[in-house]
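First the structure, in the form of structure tokens, and then the observations on it.
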Amino acid sequence: MGTDYKLVDHEKPFHYREGDYDVTRGCAWTGPGCHLGCGVIMYTDEQGKLVKCEGDPEDPWTDGRLCMRCLDVPEVTNHKERLRYPMKRDPKDRGKDIWERITWDEAYELITEKFMDMKEKYGAESVIFAQGTGRDIAAYITRLCWSFGSPNYTGLLSGQACYLPRIAGMAATTGHPWIPDAAQQFPERYDHPDYEVPEVMFIWGNYPLKSNIEGFYGHWVIDLMKRGMKLVTVDPKVTWLASKSELHLRVRPGTDAALALGMMKIIIEEDLYDHEFVDEWCYGFEELKERAAEFDVKRVSEITWVPEDLIVKAARMLGNAKNSTLQWGVAVDMTREAMPAGQAILALWEITGNMERPGGMIVAPEILSVAGGWGREVLGPEQEAKRIGIQDYPLYNFGFAVSQPDETVKTIETGVPYEIHGAWLQTTNPIACMGADPQRLYHALNKLDFIVVVDLFKTPTIAALADVVLPAQTFPERNGIAFVSGAQRGSTINKVTDVGECKSDMQINLELGKMWNPEAWPWDNVDDMFTDMLKPTDMTFEELQEVAPAYQPIEYYRYKTGKLRADGKPGFNTPTGRIELWSNFYNQAGLDPLPYFEEPEPGPTSTPELMEEFPLVMTSGARFWGMFHSEHRQIERMRHYRPWPLMEIHPETAERYGIKDGDWVWMEGPMGRAKRKAKLTPVMDRRIVSCDHGWWFPEGDPEKFYDVFDLNINNTLPWIPGKSGFGSNYKSSICKIYKVQDGE
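Now the structure itself:
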């Protein structure tokens, strides 16, 4: 066993008996959602049925806390509408609710026959492999894709506009992903002798009490506030955390880069930056200083709608802090020029020296890097060169091995540079959630000869497009390892129950992979595969189950000791060995090497001619407690909490349009509309409406795709990525609103 790893001293083994129940300690990591790996205790009765899930009080991350989705996972796992066995339908019957139950062997044989026929006739690149968000399948679907011979692993989200823009941007400019230091890397947490509480945390484009990206939990913010940390919140909406903040910057959606550059100008001009860190460890400061000089506070205030005095106070608060950290979110990614926005924001912490220091930003510790896929070496350079989008967007050559989504859709439509004939869609529901212009995506995918979907429930994507459906397991039904985003630790997902004929995503991929390319899948079972992946820990999967979670050793200031570079030299893993404020990677890709701001389009400044007809700014995708993206709509308790898709609107704005609380309204933009129920709330800016995303009605007609094309907010959004191929305007558009009429 890996003796360097620190373990939590549990009072009981991971599996034990308590009264009438078998009790198992484990980790919750999809499906159903989300991005995290919460510590859970699961109870099963004598029939092996999961009856209760509660938080594990011995888990240092969650300390017994658990959200309502995990508390209600028994309802999800045992739900009567779960997919329980493989199904197929004739491709000519797509869109019809006509299904035939088949065996797993029949499903595998049919899929293999169809995909191998396409591979022989059109090349392996003619099949795309797509996944959704927050899934612990990136390692397995990428290996399946590449071992089949296809370079086209993707997510059907314009500009990969969720997490990847920030991750790719950090990799390009610093060589590493960075996370806020909340002592999550230590099993003793805040009591670790080297840890320091941040003086101030900026929460930027994220609401961590409801949306937990990078393995970061909202209750950590409150833990740190109790220890003296101050908050600055950057969010258009008044939230509970915003109300507890020293400063609340109510930024116009999509203008974060301008705000960051304006703060940067103040920090530089008032000499609040860390001269020693900048001189020794940063590259391109003078060029950055010149760029920031363009953003005087008056101009920035006009762009962002944030008052001048608050911009100045926020900059000084950051510049004067002994240490500061940043918890940022998907709002940064969901603007077209997400890459320069992320570059500008992170540069504030770079020039103030808050990198790899206690209570600042730290390089995320990794046991196994799976964010960029697993098994890339099995693909080969000839097929790699066929990956869609790398000619149009060269930055995709420097980072994640994904096909560019917008170009992937265009390739399906046009057959250029080659034809696409098949799709493997695993735990993704793109026409309800990810895909911009969902009807365009639907018509594109409907051109394909053969589509396989793996999921928990029948979704609009399955109803509209699937030829074969494979039933996946929820996390209580399977084993697994949880290499979550952010600070990794060794955690295990532990099987406690079975439902129908469902199989885990990992088992499905392993079994098909062995049929397609056995040399790339040499393991007899998933537990052996997990053990092989765990080689860096010197633990077998079974050993890790007994002791998890296991924490790897970590220290601060690793750039000084050569522990951030493969060659062992001091510095950062970039061409210059420094944090690149002026990015060589961006320059090589034909992009502006410095951060910049570009107005969202359409928008009040970029398209003023549209504002008379579409006078409101529309943002979408704010998370809420009971559902994860397009999941949980059929789960009774979760649906009771959020029965309808909502549009949040200020009462004075609603009155201006004759709208009352609870009215059904159309939210219409320049290219489409979506139906919502109005929720009047003073937390909204009078110029902005906020709309739920991912909505469909499972109680609706499957042959109308559960009303998804009436309800999907993405009806209003185009497939247009940023110059880098990353980022898209999912959270910053314009709209008009009016009541739904009888019969609509």
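Numbering (the working numbering), first residue to last: 203 to 946. Glycine included, C-beta positions come from ideal geometry on N, C-alpha and C.
- Counted as a single uninterrupted DSSP element, the alpha helix (DSSP H) harbouring residue 272 occupies residues 270-273.
- Taking 4 residues as the shortest admissible run, the segment 263-314 contains the following complete alpha helix (DSSP H) segments, listed from N- to C-terminal end: 270-273, 275-279.
- Straight across, the Cα-Cα distance linking residue 269 with residue 827 is about 8 Å.
- In this structure residue 768 is exposed. Its beta-carbon is surrounded by fewer than 16 other beta-carbon atoms within 10 angstroms.
- Residue environment analysis places residue 702 among the exposed positions, since fewer than 16 neighbouring C-beta atoms fall within 10 angstroms of its C-beta.
- In the DSSP assignment, the residues bridged to residue 674 are 705.
- Of 727, 641, 437, 728, the smallest CA-CA separation from residue 458 is found for 437.
- Assignment of residue 349 by DSSP, reduced to helix, strand and coil, places it in the helix class.
- A Cβ-Cβ separation of about 5 Å places residue 851 in contact with residue 891 under the 8 Å criterion.
- The Cβ atoms of residue 777 and residue 493 do not sit closer than 8 Å to each other.
- At the C-beta level, residue 871 and residue 935 come within 8 Å of one another.
- Contact between the segment 522-536 and the segment 399-412 is present, with at least three C-beta pairs closer than 8 Å.
- When secondary structure is reduced to three states using DSSP, residue 405 falls in the strand class.
- If you look at residue 503, you'll find it in the alpha helix (DSSP H) that goes 499-506.
- Annotation: the continuous alpha helix (DSSP H) that includes residue 428 extends over 420-428.
- Shown here for residue 397: same chain residues with a beta carbon closer than 6 Å to its own, the five before and five after excluded, namely 385, 560 in chain order.
- Rounded to whole angstroms, the gap between the alpha carbons of residue 430 and residue 424 is 10 Å.
- By the neighbour-count criterion, in which 16 or more other beta carbons inside 10 Å mark a residue as buried, residue 654 falls on the buried side.
- According to DSSP, residue 355 shares a beta bridge with 331.
- When DSSP states are grouped into helix, strand and coil, residue 826 belongs to the coil group.
- Under DSSP, residue 546 takes part in no beta bridge, so it has no partner.
- With contacts defined by Cβ atoms closer than 8 Å, residue 357 and residue 631 do not form a contacting pair.
- Under the DSSP assignment, residue 657 falls in the beta strand (DSSP E) whose first and last residues are 652-657.
- Taken through DSSP and simplified to helix, strand or coil, residue 819 comes out as strand.
- With contact defined as three or more Cβ pairs closer than 8 Å, the segment 760-775 and the segment 517-525 are not in contact.
- Non-local C-beta neighbours of residue 747 in its own chain, meaning closer than 7 Å and more than five positions away in sequence, comprise 216, 694, 696, ordered along the chain.
- The segment 569-582 makes no contact with the segment 437-446, as fewer than three CB pairs between them are under 8 Å.
- Straight through space, the alpha carbons of residue 801 and residue 482 are spaced by roughly 34 Å.
- A direct Cα-to-Cα measurement between residue 373 and residue 924 gives close to 18 Å.
- Assigned with DSSP and collapsed to three states, residue 256 falls in strand.
- Nearest to residue 855 by alpha-carbon distance, out of 349, 609, 834, 886, is 886.
- Between the alpha carbons of residue 320 and residue 342 lies a distance of about 22 Å.
- Here the segment 204-213 makes no contact with the segment 673-680; the two share fewer than three CB pairs at distances below 8 Å.
- Of the residues assessed, residue 369 falls on the buried side of the cut-off, its CB having 16 or more other CB atoms within 10 angstroms.
- In the structure shown, residue 615 adopts helical secondary structure according to DSSP, grouped into three states.
- The three-state secondary structure of residue 720, taken from DSSP, is helix.
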